[in-house]
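Student: Okay, so the sequence shown: first residue is -19 according to our numbering, each after it adds one.
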Amino acid sequence: MDIWDSWWVLQFMQMLGLLSFWISFAKFRTLLSRGFGFGHNIIKGSCKAWIFFPFNLLVIIASLMSLILVLSWAYSYAFPSSHSVIQSYNEIPMIENLLVQSNETLKPNVSIATCNVFEGSWIRDDSYPLYDASQCPFAERGFNCIGNGRKDRGYTKWRWKPKNCDIARFDAKRMLEKLRGKRVVFVGDSLSRTQWESLVCLLMTGVEDKKSVYEIKGNKITKQIRFLGVKFSSFDVRIDFYRSVFLVRPGPVPKHAPQRVKTTLRLDKIDDISHEWIDSDVLIFNSGHWWTRTKLFDMGWYFQVGNSLKLGLSINSASNTALHTWASWVENSINTNRTKIFFRTFESTHWSSGQNHKVCKVTKRPWKRTNGRDQSPISDMIKKVVKKMSVPVTIMHVTPMDAYRSDGHVGTWSDNPTVPDCSHWCLPGVPDMWNEILFSYLVPKDGVN
């Protein structure tokens, strides 16, 4: 009924407007005819025109104003102002509006469930870094850029600031107490090892007796070893790293395979050391940097599913299949009531194209723009697979935040300065921020989950 009532009102207003227009037009026509007579009378010196002319003009002006007011009222009735529309929508308790309001009123260190901690910017903070890599026995020499001769230390002075909240500053003692009696496991490639080293060094700052922290098997930190585990004996905490760059299992070459096939990657089989990951309280995965032609096809690695060799399968399709294998394993093997699972997305590299090869140019400050490096097909793939999983997995979408940090790479300040490196990160540096975000997830302020 309201719609029809509005229609009749509009019809009435239109009729009233036409009537006003007709009156105005009639008066205008009369005025026009009298105008010629007025000019004639002026010439004759008649004074009557001076009396009737102002009166007729006043009537016409009033009629025109009535017409304008009527049309304006009708228009505002049919097309309410944006303020009125917004007001009417706000009367409906929509979820989207509630989310917007909550984001606008966020306080520092609120629950990260209400804030996208990966949307923000890097800000200068001279209170960083949080540790000295030269004083941490678990920081790999190749990542200790200052120890390898890097003079500028500005790259260690940046803190990630989310747009609508703050990340709690890393508190080593609080983290150790939260993890008391627990086991944290990192699984992935060398960039996962970097985050593992960063977390161990951060936690070391909260331990008085440094000798109470040791590698379980007495191993030194090396690039190729498949397992490294550090025990914080005073807190009964273990921080482990397992090297599994593809997450799925390498396998032997099938019979009658082409000569170029040196190794196969079983896309339908999880890595054979996966049983070591199950008994954990926090499980952090990463993968992506080895899914390239140079790491696979150029080295004789090809894909296999079941007993079938997939020579024509693209790397992206293979990676997607491997991620689904990983997801299925997590859903069927991990007790998510006990274990919190994270998957860190692809970390931006900052190689540039030279005349004949890639060039590594490490800047002194972060980039002001991401220059397109905030996007990654691998990261998109990870997010898409995780979104469809039946168990909770937290995505640490570090791709956009890392895209700015052209200053944070190892460059030539490694244990092999003849080989530039724009993939790995200096320690202390960018990986510390990943662990501060991890801290915010594991130790939310005031017990808010």
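Think of the CB as a built atom: it goes at the ideal place given N, C-alpha and C, for glycine as much as any other residue.
Here the structure is a predicted model, which means the values were calculated and not measured.
Is the shortest distance between the beta-carbon of residue 300 and the beta-carbons of chain D less than 8 Å?
Tutor: The chain inventory of the structure shown lacks chain D, comprising one protein chain alone.
Student: Taking the alpha-carbon of residue 119 as reference, which of 353, 201, 260, 186 has the nearest alpha-carbon?
Tutor: 201
Student: Between which two residues does the beta strand (DSSP E) holding residue 418 run?
Tutor: Segment 410 to 422 is the alpha helix (DSSP H) holding residue 418; no beta strand (DSSP E) there.
Student: Using a 10 Å radius around the Cβ and a threshold of 16 neighbouring Cβ atoms, would you call residue 272 buried or exposed?
Tutor: exposed
Student: Tell me residue 376's beta-bridge partners as DSSP assigns them.
Tutor: In DSSP, residue 376 forms a bridge with 324.
Student: Would the beta-carbon of residue 405 fall within 8 Å of that of residue 388?
Tutor: yes
Student: How would you write the range of the beta strand (DSSP E) that residue 175 sits in, first residue to last?
Tutor: Segment 170 to 184 is the alpha helix (DSSP H) holding residue 175; no beta strand (DSSP E) there.
Student: Taking just the CA atoms, how far does residue 292 sit from residue 298?
Tutor: Taken atom to atom, the span from the alpha-carbon of residue 298 to that of residue 292 is near 10 Å.
Student: Using DSSP bridges, identify the partner residues of residue 401.
Tutor: 391
Student: Residue 358 by DSSP, collapsed to three states: which one?
Tutor: helix
Student: Which of the three DSSP states is assigned to residue 201 in this structure?
Tutor: coil
Student: Hey, residue 173 and residue 137 are a contact pair by Cβ (cut 8 Å); roughly how many whole angstroms apart?
Tutor: That belief does not hold up - the Cβ atoms of residue 173 and residue 137 are roughly 24 Å apart, past 8 Å.
Student: Between residue 329 and the rest of its own chain, which residues show a CB-CB distance below 6 Å, the 5 nearest in sequence each way excluded?
Tutor: For residue 329, where only same-chain residues beyond five positions count, the Cβ hits under 6 Å are 402, 403.
Student: Specify the secondary structure class of residue 86 as computed by DSSP and reduced to three states.
Tutor: Residue placement at residue 86 is flagged as unreliable, the pLDDT there being 37, under the threshold of 50; the coordinate-derived value follows with that caveat. Residue 86: coil per DSSP, three-state reduction.
Student: Taking 8 Å as the cut-off, decide whether the C-beta atoms of residue 372 and residue 109 are in contact.
Tutor: no
Student: Residues in the same chain with beta-carbon distance under 8 Å from residue 249, minus the five sequence neighbours each way, listed in chain order, please.
Tutor: 228, 229, 231, 305
Student: To test your reading of the DSSP string, which unbroken alpha helix (DSSP H) runs of 4 or more residues are found completely within the region 96 to 178?
Tutor: 152 to 158
Student: For residue 349, tell me which candidate among 382, 324, 378 has the shortest Cα-Cα distance.
Tutor: Of the candidates 382, 324, 378, 382 places its Cα closest to the Cα of residue 349.
Student: Return helix, strand or coil for residue 295, following the three-state DSSP convention.
Tutor: Taken through DSSP and simplified to helix, strand or coil, residue 295 comes out as helix.
Student: Under the rule that 16 or more other beta-carbon atoms within 10 Å means buried, what is residue 274, buried or exposed?
Tutor: exposed
Student: Pick helix, strand or coil for residue 363, following the three-state DSSP scheme.
Tutor: helix
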